[in-house]
Amino acid sequence: MKGLLCWPVLLLLLQPWETQLQLAGPRCHTGPLDLVFVIDSSRSVRPFEFETMRQFLMGLLRGLNVGPNATRVGVIQYSSQVQSVFPLRAFSRREDMERAIRDLVPLAQGTMTGLAIQYAMNVAFSVAEGARPPEERVPRVAVIVTDGRPQDRVAEVAAQARARGIEIYAVGVQRADVGSLRAMASPPLDEHVFLVESFDLIQEFGLQFQSRLCAIDYCSFGNHSCQHECVSTPGGPRCHCREGHDLQPDGRSCQVRDLCNGVDHGCEFQCVSEGLSYRCLCPEGRQIQADGKSCNRCREGHVDLVLLVDGSKSVRPQNFELVKRFVNQIVDFLYVSPEGTRVGLVQFSSRVRTEFPLGRYGTAAEVKQAVLAVEYMERGTMTGLALRHMVEHSFSEAQGARPRALNVPRVGLVFTDGRSQDDISVWAARAKEEGIVMYAVGVGKAVEAELREIASEPAELHVSYAPDFGTMTHLLENLRGSICPEEGISAGTELRSPCECESLVEFQGRTLGALESLTLNLAQLTARLEDLENQLAIQK
Numbered sequence: 001m002k003g004l005l006c007w008p009v010l011l012l013l014l015q016p017w018e019t020q021l022q023l024a025g026p027r028c029h030t031g032p033l034d035l036v037f038v039i040d041s042s043r044s045v046r047p048f049e050f051e052t053m054r055q056f057l058m059g060l061l062r063g064l065n066v067g068p069n070a071t072r073v074g075v076i077q078y079s080s081q082v083q084s085v086f087p088l089r090a091f092s093r094r095e096d097m098e099r100a101i102r103d104l105v106p107l108a109q110g111t112m113t114g115l116a117i118q119y120a121m122n123v124a125f126s127v128a129e130g131a132r133p134p135e136e137r138v139p140r141v142a143v144i145v146t147d148g149r150p151q152d153r154v155a156e157v158a159a160q161a162r163a164r165g166i167e168i169y170a171v172g173v174q175r176a177d178v179g180s181l182r183a184m185a186s187p188p189l190d191e192h193v194f195l196v197e198s199f200d201l202i203q204e205f206g207l208q209f210q211s212r213l214c215a216i217d218y219c220s221f222g223n224h225s226c227q228h229e230c231v232s233t234p235g236g237p238r239c240h241c242r243e244g245h246d247l248q249p250d251g252r253s254c255q256v257r258d259l260c261n262g263v264d265h266g267c268e269f270q271c272v273s274e275g276l277s278y279r280c281l282c283p284e285g286r287q288i289q290a291d292g293k294s295c296n297r298c299r300e301g302h303v304d305l306v307l308l309v310d311g312s313k314s315v316r317p318q319n320f321e322l323v324k325r326f327v328n329q330i331v332d333f334l335y336v337s338p339e340g341t342r343v344g345l346v347q348f349s350s351r352v353r354t355e356f357p358l359g360r361y362g363t364a365a366e367v368k369q370a371v372l373a374v375e376y377m378e379r380g381t382m383t384g385l386a387l388r389h390m391v392e393h394s395f396s397e398a399q400g401a402r403p404r405a406l407n408v409p410r411v412g413l414v415f416t417d418g419r420s421q422d423d424i425s426v427w428a429a430r431a432k433e434e435g436i437v438m439y440a441v442g443v444g445k446a447v448e449a450e451l452r453e454i455a456s457e458p459a460e461l462h463v464s465y466a467p468d469f470g471t472m473t474h475l476l477e478n479l480r481g482s483i484c485p486e487e488g489i490s491a492g493t494e495l496r497s498p499c500e501c502e503s504l505v506e507f508q509g510r511t512l513g514a515l516e517s518l519t520l521n522l523a524q525l526t527a528r529l530e531d532l533e534n535q536l537a538i539q540k
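Per this note's numbering, the sequence shown runs over residues 1 to 540.
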């Protein structure tokens, strides 16, 4: 043979059979595999030749990745009859297999190779003997080692075995008939037929067989069920996904890759994956800017905003969390900074508590974090007491409000879900006398008359209502249009003395602009009411 002319091979052949296969080592760790050796022990195989084959088998075992979930091994010997040395289910440890092979006694009779193939097909590769069920489609491999011409027909039974999915390697030693080997083996024949000149050289087949096992196409055998693509690897079938998809924990299915988790997207508010790309989203009522990442917000106008939040027991804890989320959505469209919009938060029930004053936080992120940390008070609803606290304390310079001489608009927003348990009229009027622009947001059982009394005129622009806490978000756009500096009363406010002539002229201009905006809003409101009336008429 050609290989015998190469010095590396000659040096290899000078070593014992087991040592050669051990030095070669397992070329790879195979995936699930059911492997049955069919050994010729007819009388033509001399005792020393059979001993050589025994050592060869044990050496070959040490080059296999043996285990219940990897390679299962069975051995049968044949002559005029067939004998199971050990079935596929018998051993999971290599040491136990070697012990059984050492105890093997040759049959020393005829050469019924066809009978041996039929036994392997019907018995050795059965589930009862330890083969994996057909639905798992674990590769089944039979290695037939013979030294002579079969005394029965092999072509037909071998074809049946191959049709059942058994891959057959035919190894002929010394006096073996090449035609019979080719009739038994699986195609392509040049990869499945081996002719060895003597038992002394059978280890060369062992080395080549190891490399064949590493090249098994598990995707054609294995039950991979890959959603997109199967790739055969030495460890078995592996599923791959198309570009832009990630393999899921089950190892088979694929899901569109969430690019937002894998890239520095830079989105200010929210990132959403879309196939092989992503896009940035903004909170309700805000639009994405030209950079595709940041969201529009109030211009750098100057506003001192105090939020009065109802924490009475009628709100309930789960709804109070929705209120906090709503407050943070308002913060999202403000330009929060020491020079721009300052935000303070007061919670009220039977008492009043300043959660944080106007001057404490200089960024929207800090404000939002503080809002989320607010703890629910419960108890009663003393809205009048809260208004008094706001007028007397919340807009003081000590709590961060800017001096009146700077002409910074002061805005109060009261959020409540029910009737006040104390009088609100005195301090609601006092707030407006102090120049505070008041907004009232009611939910559920809030009293419209109280909301209108709290709010600045015109009430239509300063009162908002939602039937329940889950539908509050639709109020955001109205509040944005009212509070936001470029759209509301504080548009373009600069830090200057109200006594300057230029300031008076500018104030007149802003007032006319506000009146025009009011006229437009009233027209839009009228149109919306007409639409609602038409819809109700259609439903009736």
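Even for Gly, the Cβ is constructed at its ideal location relative to N, Cα and C. Predicted, not measured: the structure shown is a model, and the values here were computed from it.
Quick one: what's got a C-beta closer than 8 angstroms to residue i's C-beta in the same chain, skipping five residues either side?
i, result
"Pro403", "Glu397"
"Val231", "Cys219, Pro237, Arg238, Cys239, His240"
"Asp422", "Met382, Thr383, Gly384, Leu385"
"Glu375", "none"
"Leu281", "Cys267, Phe269, Gln270, Cys271, Val272, Ile288"
Under a three-way DSSP split, which group does residue i fall into?
i, result
"Tyr278", "strand"
"Arg496", "Residue confidence is low: Arg496 scores 39 on pLDDT, short of 50, so the model does not pin down where it sits. Its coordinate-derived value is still stated next. Arg496: coil per DSSP, three-state reduction."
"Gly292", "coil"
"Glu397", "helix"
"Tyr119", "helix"
"Phe86", "strand"
"His228", "coil"
"Cys267", "coil"
"Cys254", "strand"
"Gln248", "coil"
"Val315", "coil"
"Gln421", "coil"
"Val9", "Only weak support exists for where Val9 lies, its pLDDT of 30 falling under 50; the value from the coordinates is given anyway. Val9 falls in the helix class under three-state DSSP."
"Pro356", "It is Phe, not Pro, that sits at residue 356 in the sequence shown. In this structure, Phe356 counts as strand in the three-state DSSP scheme."
"Phe50", "helix"
"Asp152", "coil"
"Val408", "coil"
Among the residues of its own chain, which have a CB less than 6 angstroms from the CB of residue i, if the five just before and after it don't count?
i, result
"Gln329", "Pro283, Leu476"
"Arg138", "With the sequence shown as reference, residue 138 is identified as Val, and Arg is not the correct amino acid for it. Same-chain partners within the cutoff: Pro32, Asp34, Arg132."
"Val371", "Lys324, Val327, Asn328"
"Ala108", "Arg43"
"Val228", "For the sequence presented, residue 228 should be read as His rather than Val. Excluding residues within five positions, the ones whose Cβ falls inside 6 angstroms are Cys241, Arg242, Cys254."
"Glu506", "Residue placement at Glu506 is poorly supported in this model, since its pLDDT is 46, which falls under 50; the coordinates are not used for a value here."
For the putative contact between residue i and residue j, defined by C-beta atoms under 8 angstroms, what is the C-beta separation to the nearest angstrom?
i, j, result
"Gly179", "Leu195", "About 11 angstroms; that fails the 8 angstroms criterion."
"Arg175", "Asp147", "6 angstroms"
"Met390", "Val306", "6 angstroms"
"Gly74", "Glu129", "7 angstroms"
"Tyr169", "Ala185", "7 angstroms"
Between the alpha carbons of residue i and residue j, how many angstroms are there, rounded?
i, j, result
"His302", "Leu259", "38 angstroms"
"Phe37", "Met53", "11 angstroms"
"Gln318", "His265", "32 angstroms"
"Ile454", "Phe269", "33 angstroms"
"Arg279", "Gly418", "41 angstroms"
"Ala70", "Ser92", "10 angstroms"
"Ala428", "Val346", "16 angstroms"
"Ala401", "Gln289", "31 angstroms"
"Thr546", "Asp250", "Lying before the first or after the last residue shown, residue 546 is absent from the chain, which here runs from 1 to 540."
"Ser349", "Leu387", "12 angstroms"
"Ala446", "Ser225", "59 angstroms"
"Asp152", "Gln118", "11 angstroms"
"Asp291", "Thr341", "24 angstroms"
"Thr471", "Gly444", "10 angstroms"
"Ala183", "Ala142", "14 angstroms"
"Thr294", "Val426", "Before going on, a small fix: residue 294 reads as Ser here, not Thr. The alpha-carbon atoms of Ser294 and Val426 are separated by roughly 43 angstroms."
"Ala373", "Ile424", "28 angstroms"
"Arg351", "Val315", "15 angstroms"
"Met377", "Ser394", "19 angstroms"
I'd like the list of long-range same chain contacts for residue i, defined as Cβ closer than 7 angstroms, with 5 residues on each side in sequence excluded.
i, result
"Lys432", "Met438, Ser456"
"Val367", "Val331, Val336, Val343, Tyr361"
"Val256", "Gly244, His245, Ser273, Gly275"
"Leu575", "Nothing can be reported for residue 575: it is not among the residues displayed for the chain, which extend from 1 to 540."
"Leu115", "Tyr78, Val82, Asp152"
Determine, using beta carbons only, whether residue i comes closer than 8 angstroms to chain D.
i, result
"Arg46", "No chain D is part of this structure, which consists of one protein chain only."
Got a sec: does the ligand COA put a non-hydrogen atom nearer than 7 angstroms to the Cβ of residue i?
i, result
"Val75", "Among the ligands in the structure shown, none appear at all, so the ligand COA cannot be discussed."
- Message: I'd like to know if the segment 63-80 and the segment 34-52 are in contact, where contact means that at least 3 CB-CB pairs between them fall below 8 angstroms.
- Response: Yes, the segment 63-80 touches the segment 34-52.
- Query: Touch check for the segment 440-448 and the segment 401-415: three-plus C-beta pairs under 8 angstroms?
  - Reply: yes
- Query: Between the segment 448-465 and the segment 340-355, do at least 3 Cβ pairs fall closer than 8 angstroms?
  - Reply: Judged by pairs of C-beta atoms under 8 angstroms, the segment 448-465 does not touch the segment 340-355, as fewer than three such pairs exist.
- Message: Would you call the segment 52-60 in contact with the segment 110-129, where contact means no fewer than 3 C-beta pairs closer than 8 angstroms?
- Response: These segments do not touch.
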